[in-house]
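All remarks here apply to the structure that follows.
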Amino acid sequence: MSAVHVSSDDIRDQFSNAMSAMYQQEVPQYSALLSLVASVNTDVLAADPTLRGSLAANNELARLDVERHGAIRVGTADELAMLRRMFAVMGMQPVGYYDLAAAGVPVHSTAFRPVDDAALSRNPFRVFTSLLRLELIDNPELRQQASEILDARRIVTPQAVALIECFERQGGLNAEQAEQFVDQALETFRWHEQATVDLATYERLQQEHRLIADVVCFKGPHINHLTPRTLDIDEVQRRMPQVGIDPKAIIEGPPRRRCPLLLRQTSFKALEEPISFADAAQGYHTARFGEIEQRGIALTHAGRTLYDRLLGEAKNAAVAENDAHQAHLSAVFEDFPDDEATLRREGLAFFHYHAVPGAHVAGPVDADDVERLFEQGMLTVTPMIYEDFLPVSAAGIFQSNLGDKGHNGYARDANQQQFEQALGVPVIDEIALYAKRQQASLQRALAQLTGNGG
Ligand code: OOG
Ligand code: NI
116 MSAVHVSSDD
126 IRDQFSNAMS
136 AMYQQEVPQY
146 SALLSLVASV
156 NTDVLAADPT
166 LRGSLAANNE
176 LARLDVERHG
186 AIRVGTADEL
196 AMLRRMFAVM
206 GMQPVGYYDL
216 AAAGVPVHST
226 AFRPVDDAAL
236 SRNPFRVFTS
246 LLRLELIDNP
256 ELRQQASEIL
266 DARRIVTPQA
276 VALIECFERQ
286 GGLNAEQAEQ
296 FVDQALETFR
306 WHEQATVDLA
316 TYERLQQEHR
326 LIADVVCFKG
336 PHINHLTPRT
346 LDIDEVQRRM
356 PQVGIDPKAI
366 IEGPPRRRCP
376 LLLRQTSFKA
386 LEEPISFADA
396 AQGYHTARFG
406 EIEQRGIALT
416 HAGRTLYDRL
426 LGEAKNAAVA
436 ENDAHQAHLS
446 AVFEDFPDDE
456 ATLRREGLAF
466 FHYHAVPGAH
476 VAGPVDADDV
486 ERLFEQGMLT
496 VTPMIYEDFL
506 PVSAAGIFQS
516 NLGDKGHNGY
526 ARDANQQQFE
536 QALGVPVIDE
546 IALYAKRQQA
556 SLQRALAQLT
566 GNGG
């Protein structure tokens, strides 16, 4: 059968809208957060026409309102592999490897997201996906019990599995199948007020680590937050209490900059929600929250190394209050160049290259001519936005929602190989992706300048 296929970008867009609608209904505070972010974004754009122009030039403006990421946590290799196939239907691939064990969270993670320019500007919906590392549970009986509970559940509906298989066979889904797929896929991420275990089991797992109870005791990997993108995270953080939202103490990531770097994030604290257990006992579970993010420029290996070094230096004098923390960070980050020309010349960040309209050069040019073309005003750049996550920030977000009790870090090493075995494919290297996109934009711009391009 060969009806016309809906594009994966369309399916992702439909799914991300459906997920947002479901989460707004499940967690009304998330709706309040969305309104706050929309009004701050409107204010920022009105006050800063240059920013508006640059976002518009980069196709960033249209995606701002649909922009969000979510996060889920799964328990087994099979669950992770099945979700990889589900996300592939939506054009989302596993990018990056994040080890959270060092920060006391017994998971490792990747982000499922679109990878090419067109898909990213259409709808960049990303899902930060963590796999529980059961091997980090010390108590062998508890480990065994958790593993049996997980093996007995199916987190994807049979209809969704059938549609995934159909997609893999046909290379696409028709409109009706796509609609069914979105409905069925959504079921995996729904909240369940009933735990699948009795209260005593829940408490034992909770005592080992709150995250383990969250992953093991429910029917599936409920979406635990969604995150809209703001253009001014400091302002949203300031205004959150005015709309009845209680933010976490500190904005994670780099400080405020003229040229925003990577990713800054803050969240509101997880809600305590009533749960009933398999033995009919009543209790509470805390897992779901809301988060906001502000995205800046993607960094090269060199830029990222500098970022990690400065963040490490700033951590040594960690302060618990946000204004003081930000002031301290800003001082430490004075060693990081804060203008686009230097970031580019020193190879610290990634850019999109553009030929100046109407400009023309005779003869062949190559990458060695780039500086000269800049000086002659033939080439310009705009920042390439960071589409990924940051492990230290992610650990901060996890921890603020697991209570501050914390865990002193699991001694075991990161294990990307084990993660990729579970996933069934290697994760894509995010830095290589940015480099490839930058290179393609430069080639396109040079071809335009010499009249060989569109
Ligand atoms: C994921 C926390 C990390 C982010 O944006 O860095 C995260 C989780 O709590 O499952 O969402
Ligand atoms: Ni998040």
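So that you can map any letter, position 431 of the sequence shown is 546 in our numbering, and since no number is skipped, the others follow by simple counting.
From the three backbone atoms N, C-alpha and C, an ideal C-beta is built for every residue, glycine too.
Just so you know, these numbers come straight off a predicted model, no measurement behind them.
**Report entry** Option nearest Ala-442 by Cα separation, candidates Thr-381, Thr-311, Arg-372 and Leu-376
**Finding:** Arg-372
**Report entry** Residue closest to Ala-550, alpha-carbon to alpha-carbon, out of Ser-131, Glu-256 and His-416
**Finding:** His-416
Query raised in the report: First and last residue of the alpha helix (DSSP H) that includes Arg-241?
Result: Counting along the chain, Arg-241 falls outside any alpha helix (DSSP H), though it belongs to the beta strand (DSSP E) covering 241 to 247.
Report task. Kindly identify the DSSP beta-bridge partner or partners of Leu-378. Result -> Arg-410
Query - Minimum C-alpha distance to Trp-306 - residue among Gly-398, Leu-378, Gly-335 and Lys-384 - result: For Trp-306, the closest of Gly-398, Leu-378, Gly-335 and Lys-384 by C-alpha to C-alpha distance is Gly-335.
Report task. Spell out the partners DSSP gives Ser-224 in its beta bridges. Result -> Tyr-213 and Ser-245
Query raised in the report: Do you know how far the Cα of Gly-473 is from the Cα of Arg-188?
Result: Roughly 51 Å separates the two Cα atoms.
Query - Option in Asp-503, Val-121 and Phe-296 with minimal Cα separation from Arg-183 - result: Checked all of Asp-503, Val-121 and Phe-296; the closest Cα to Arg-183 is Asp-503.
Requested in this report: Whole angstroms is fine: what's the gap from His-324's alpha carbon to Asn-437's?
Outcome: Roughly 27 Å separates the two Cα atoms.
**Report entry** Coil, strand or helix - His-580 by DSSP
**Finding:** The first residue shown for the chain is 116 and the last is 569, placing residue 580 beyond what the model contains.
Report task. Indicate, with yes or no, if the ligand OOG has a heavy atom lying under 6 Å from the CB of Ile-512. Result -> yes
Query raised in the report: So, do the stretch 198 to 216 and the stretch 384 to 404 have three or more beta carbon pairs nearer to each other than 8 Å?
Result: no
Query raised in the report: Looking at the unbroken beta strand (DSSP E) that takes in Thr-497, where does it start and where does it end?
Result: 494 to 498
Requested in this report: Please work out which residues of its chain come closer than 7 Å, Cβ to Cβ, to Phe-517, disregarding the five sequence neighbours upstream and downstream, and give them in chain order.
Outcome: Checking the displayed sequence, the identity of residue 517 turns out to be Leu instead of Phe. Closer than 7 Å at the Cβ level, and outside the excluded window around Leu-517, lie Arg-325 and Leu-326.
Report task. For Asn-103, count neighbouring Cβ atoms within 10 angstroms of its own Cβ and tell me buried if that reaches 16, exposed if not. Result -> Because residue 103 is not part of the residues shown, which for the chain are 116 to 569, the question remains open.
Requested in this report: Tell whether a beta-carbon distance below 7 Å holds between Arg-410 and Tyr-468.
Outcome: no
**Report entry** Residue interval of the alpha helix (DSSP H) (run including His-324)
**Finding:** His-324 -> no alpha helix (DSSP H), and no H or E assigned at all.
Query raised in the report: How far does the beta strand (DSSP E) with Leu-341 in it reach, from first residue to last?
Result: It spans 340 to 343 - the beta strand (DSSP E) in which Leu-341 sits, taken as one unbroken run.
Query raised in the report: Is Phe-243 near the ligand MN, with its Cβ less than 6 Å from a heavy atom?
Result: Here the bound small molecules are the ligand OOG and the ligand NI; the ligand MN is not part of this structure.
Query raised in the report: Does DSSP classify Ile-270 as helix, strand or coil?
Result: coil
Report task. Return helix, strand or coil for Glu-84, following the three-state DSSP convention. Result -> As displayed, the chain neither begins before 116 nor continues past 569, which places residue 84 out of reach and without an answer.
**Report entry** Cβ-heavy atom distance, Arg-372 to the ligand OOG, below 6 Å
**Finding:** no
Query raised in the report: Taking the C-alpha atoms as reference points, what is the distance between His-223 and Ala-217?
Result: Distance between the alpha carbons of His-223 and Ala-217: 10 Å.
Requested in this report: Could you have a look at Ser-508 and say whether DSSP puts it in helix, strand or coil?
Outcome: helix
Requested in this report: Alpha carbon to alpha carbon, how far is Glu-486 from Leu-561? Give it in angstroms, no decimals.
Outcome: 12 Å
Query raised in the report: Where does the unbroken alpha helix (DSSP H) through Arg-424 begin, and where does it stop?
Result: 416 to 430
Query raised in the report: Per DSSP, which one or two residues make a beta bridge with His-184?
Result: Per DSSP, the beta bridge partners of His-184 are Arg-241 and Thr-342.
Query - Delimiting residues of the alpha helix (DSSP H) encompassing Gly-168 - result: 164 to 172
Report task. Could you spell out the range, first to last residue, of the beta strand (DSSP E) harbouring Phe-489? Result -> For Phe-489, there is no enclosing beta strand (DSSP E); the residue is part of the alpha helix (DSSP H) that begins and ends at 485 to 490.
Query raised in the report: So, is Pro-498 buried or exposed, given that buried needs 16 or more other C-beta atoms within 10 angstroms?
Result: buried
Requested in this report: Count the other CB atoms, across all protein chains shown, that sit within 10 Å of the CB of Pro-375; report buried if there are 16 or more and exposed otherwise.
Outcome: buried
Requested in this report: Return the residue from the list Phe-130, Gln-144 and Gly-478 that minimises the CA-CA distance to Val-358.
Outcome: Gln-144
Query raised in the report: In whole angstroms, what separates the C-alpha of Gln-292 from that of Glu-350?
Result: Roughly 42 Å separates the two Cα atoms.
Query raised in the report: When DSSP labels each residue in this structure, what does Leu-463 get in the three-state scheme?
Result: coil
Query raised in the report: Quick one: is the Cβ of Arg-258 within less than 6 Å of any heavy atom of the ligand OOG?
Result: no
Query - Pro-370, DSSP secondary structure in three states - result: Coil, per DSSP.
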